[in-house]
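To start, the structure itself, in structure tokens.
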Amino acid sequence: MSEFRGAALSWKVADGVIELTLDRAPCNEIGSESLAELEKFTAALPALQKSAHALILSSARSEGFCAGADLRELYTESQKVDASVRGARLRDFLERIHAVMNTLDASPITTIAAVQGLCFGGGFELALVCDLIVADKTARFSFPELRLGLIPGFGGIPRLKRDLGNGVVRDLLLTGRTVGAEKALAVGLVSQVVGERHALTVARRTAVQLGKFDRGTAAAAKEFIKPIPHDELRREIEIFCELFARPAVTEGLRRFVENTGPLPYLP
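Numbering (our numbering), first residue to last: 10 to 276.
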């Protein structure tokens, strides 16, 4: 399936480049619908990448790249069942999203995230599976999960540790602070900062450059410099599930859901 358009995302292939575009209001929150379509994409990816040398992830939403997990859905669904069922469903969701992230991370083609605006929580984690992040000057990166009594649950901590120094990792994880594009460039989180609304254009130009080189060599280099921290990723799921069972988390999610502000996920 070389083209697909769903309720939460779409993809197409042209000139050896796969473009996966997130498009779910208000800011590409990842819930059950988005996960199902991401799974559809990763199932199609082995066939798609046979004729491709690059994959670009971007957003059609002006609000940003992705605000993270769909916390409203997470809270609402968790209140419908007892604790044992809630825990089993959460673990299943996490294992499924980790499988998606690991597939993207392990893809032999070069992957590029074109980021503008909000890139928070699970959205930040999605960007981190990519080999390169091109950010426009409006991009803002954050792990705000601590405000809910949680840690990132989609693989963010192990992947951030893989890419950056521990000082940066601890700062983002423990303070929940937001990092702008220029700071992200300075610490090595992103590879380029470009003008507003130019991230996708520059990502496409980068993909053209990537097409000049041997695919096998690029895949070997990627495998060498970007190992997937499987043991730490599995441990992250365990810790997230343990924390989610705490009453403080339920209360934090309840406050989030009842917040009538336009962007309650902002720090």
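Quick reminder that beta carbons are idealized off the backbone N, C-alpha and C, glycines included. The structure displayed is predicted, hence computed values, not measured ones.
Among the options, the one whose alpha carbon lies nearest that of residue i
i	options	result
T85	G130, F74, C250, S41	S41
R156	L169, L181, R105, G174	L181
K235	A212, R264, R168	R168
E72	W20, A34, P161	A34
A61	D32, K89, R98, V26	V26
A230	D79, L66, A115	A115
A108	G261, G164, R186	G164
G162	L99, S43, N175	L99
V22	D32, F50, S43, L262	F50
P117	I39, A63, I106	A63
C139	F222, G158, L113, R171	L113
I121	P238, L252, S200	S200
R70	G225, I237, P256, A17	A17
Residues bridged to residue i [DSSP beta-bridge criterion]
i	result
D145	V203
G189	R149
K21	E28
F163	In DSSP, F163 forms no bridge with anything.
C128	C75, F150
F13	W20
A123	V143
I106	In the DSSP output, where bridge partners are listed per residue, I106 has none listed.
Beta-carbon separation (whole angstroms), residue i vs residue j, contact threshold 8 Å
i	j	result
F129	G77	5 Å
I142	L198	7 Å
S68	T30	7 Å
A208	Q125	5 Å
L57	L135	Not really, about 18 Å apart at Cβ, beyond 8 Å.
6 Å CB neighbourhood of residue i in its chain, flanking five on each side removed
i	result
R357	Nothing in the structure corresponds to residue 357, since the chain is present only between 10 and 276.
Contact set for residue i: own chain, Cβ-Cβ below 7 Å, skip 5 residues either direction
i	result
V202	A144, K146, A190, E191, L194
Y274	Its pLDDT being 47, under 50, Y274 is placed unreliably in this model, and the coordinates cannot settle the point.
G96	C250, A254
R206	Q125, D145
Own chain residues within Cβ distance below 8 Å of residue i, not counting five before or after
i	result
P276	Low per-residue confidence applies at P276: pLDDT is 41, beneath 50, and the placement is therefore not dependable enough to give any value.
L103	G162, F163, I246, F249, C250
L262	L80, L83, Y84, S87, L157
is_contact[residue i, chain C] using C-beta, thresh 9 Å
i	result
A195	No chain C is present in this structure, which holds just one protein chain.
Could I get the ranges of all uninterrupted alpha helix (DSSP H) runs contained in the segment 207 to 244, with 4 residues as the minimum, in chain order? Segments of the alpha helix (DSSP H) lying fully in the segment 207 to 244: 208 to 219, 224 to 234.
Entirely enclosed beta strand (DSSP E) segments - the segment 50 to 92, minimum 3 residues: Counting whole runs of 3 or more residues, the segment 50 to 92 contains the beta strand (DSSP E) stretches 63 to 68, 73 to 75.
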